[in-house]
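J.: Note that the working numbering numbers the sequence shown so that position 9 is 9, with each residue one more than the last.
Take a look at the following structure, please.
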Amino acid sequence: MTEPSATGKIAIAAPPEKVYALVSDPGALAGMAEEYEGHRWVGDAKAAAVGAKFRGRNRHGIRRWSTLSTITDADEGKRFAFEVTTFAGLPVARWQYDIESTDDGCVAVESTWDRRPGWLRGPTSLFTGVWNRDDANRANIAATLARLKTAAES
Numbered sequence: 001m002t003e004p005s006a007t008g009k010i011a012i013a014a015p016p017e018k019v020y021a022l023v024s025d026p027g028a029l030a031g032m033a034e035e036y037e038g039h040r041w042v043g044d045a046k047a048a049a050v051g052a053k054f055r056g057r058n059r060h061g062i063r064r065w066s067t068l069s070t071i072t073d074a075d076e077g078k079r080f081a082f083e084v085t086t087f088a089g090l091p092v093a094r095w096q097y098d099i100e101s102t103d104d105g106c107v108a109v110e111s112t113w114d115r116r117p118g119w120l121r122g123p124t125s126l127f128t129g130v131w132n133r134d135d136a137n138r139a140n141i142a143a144t145l146a147r148l149k150t151a152a153e154s
């Protein structure tokens with residue numbers, strides 16, 4: 001896998017299992033994220049597991065859109081990741097949360113890979129209102145990680 005297009009990390013004074021529980025719950029994650037604001041499970045899925053799918057609701061200002069996510073990694077206390085596609089099944093992004101235990105709790109790393117084909121970047125930027133996706137994601141990751149730290153340490 002290539003280097004992520006945006007990433008960030010933060011030290012958290014909480015056990016890795018607590019941090020994992022927060023990032024692997026799409027409902028809890030919506031309360032911490034910048035653009036992602038909610039979900040509904042697709043098919044028989046009711047919880048985070050490899051292969052489970054959820055429809056994500058996203059917003060940027062007045063713009064709103066939906067995506068389909070498939071969970072690819074669900075290693076409790078260590079890694080949670082999902083691949084995002086458009087409603088038509090076109091690749092959008094991979095989001096990954098890596099958690100490493102430390103003496104004081106853990107370090108959480110949030111990363112994303114922009115998976116959009118070149119021809120799709122213009123239309124999706126027009127639709128979402130975000131023209132520099134990597135810069136926006138870096139700022140969003142910093143905000144999400146700060147909220148994750150607050151939630152996990154409370």
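Heads up, the beta-carbon is just placed ideally off N, CA and C, and yes, glycines get one too.
Who does N58 pair with in a DSSP beta bridge?
T.: Here residue 58 refers to the residue found at position 58 of the sequence shown. Its beta-bridge partners are Y36, W65.
J.: Please list, in chain order, all residues of the same chain as R115 whose beta carbon is under 8 Å from its beta carbon, the five residues on each side excluded.
T.: One-based indexing of the sequence shown puts residue 115 at position 115. If we look at R115 and ignore the five residues flanking it on each side, its Cβ neighbours are E83, V84, P91, V92, A93, R94.
J.: If distances are taken between C-alpha atoms only, which option among A108, H39, P16 comes closest to T70?
T.: As a working note, residue 70 is residue 70 in the sequence shown. When each option's Cα is compared against that of T70, the closest is H39.
J.: In terms of alpha-carbon separation, which member of A88, G56, P16, A74 lies closest to L148?
T.: For the purposes of this step, residue 148 is taken as the residue at position 148 of the sequence shown. L148 has its Cα closest to that of P16, out of A88, G56, P16, A74.
J.: Hey, N132 and E35: beta-carbon distance below 8 Å or not?
T.: Sequence index remark: in the sequence shown, residue 132 carries index 132 (1-based). Sequence index remark: in the sequence shown, residue 35 carries index 35 (1-based). Going by C-beta atoms, N132 is not nearer than 8 Å to E35.
J.: Would the beta-carbon of S111 fall within 8 Å of that of P26?
T.: Here the question's residue 111 lines up with position 111 in the sequence shown. Here the question's residue 26 lines up with position 26 in the sequence shown. Going by C-beta atoms, S111 is not nearer than 8 Å to P26.
J.: Who are the Cβ neighbours of V109 in its own chain at under 6 Å, not counting the five residues just before and after it?
T.: What you label residue 109 is simply residue 109 of the sequence shown in a count that begins at 1. Here the set comprises K9, D98.
J.: Classify G118: buried if its beta carbon has 16 or more other beta carbons within 10 angstroms, exposed otherwise.
T.: Position 118 of the sequence shown holds residue 118. Exposed, by the Cβ-count rule.
J.: I'd like the list of long-range same chain contacts for A49, defined as Cβ closer than 6 Å, with 5 residues on each side in sequence excluded.
T.: Your numbering for residue 49 matches position 49 in the sequence shown. Hits under 6 Å: A74.
J.: Along the chain, where does the beta strand (DSSP E) that runs through P91 open and close?
T.: The count along the sequence shown starts at 1 and reaches residue 91 at position 91. From DSSP, the beta strand (DSSP E) with P91 extends over 91-102.
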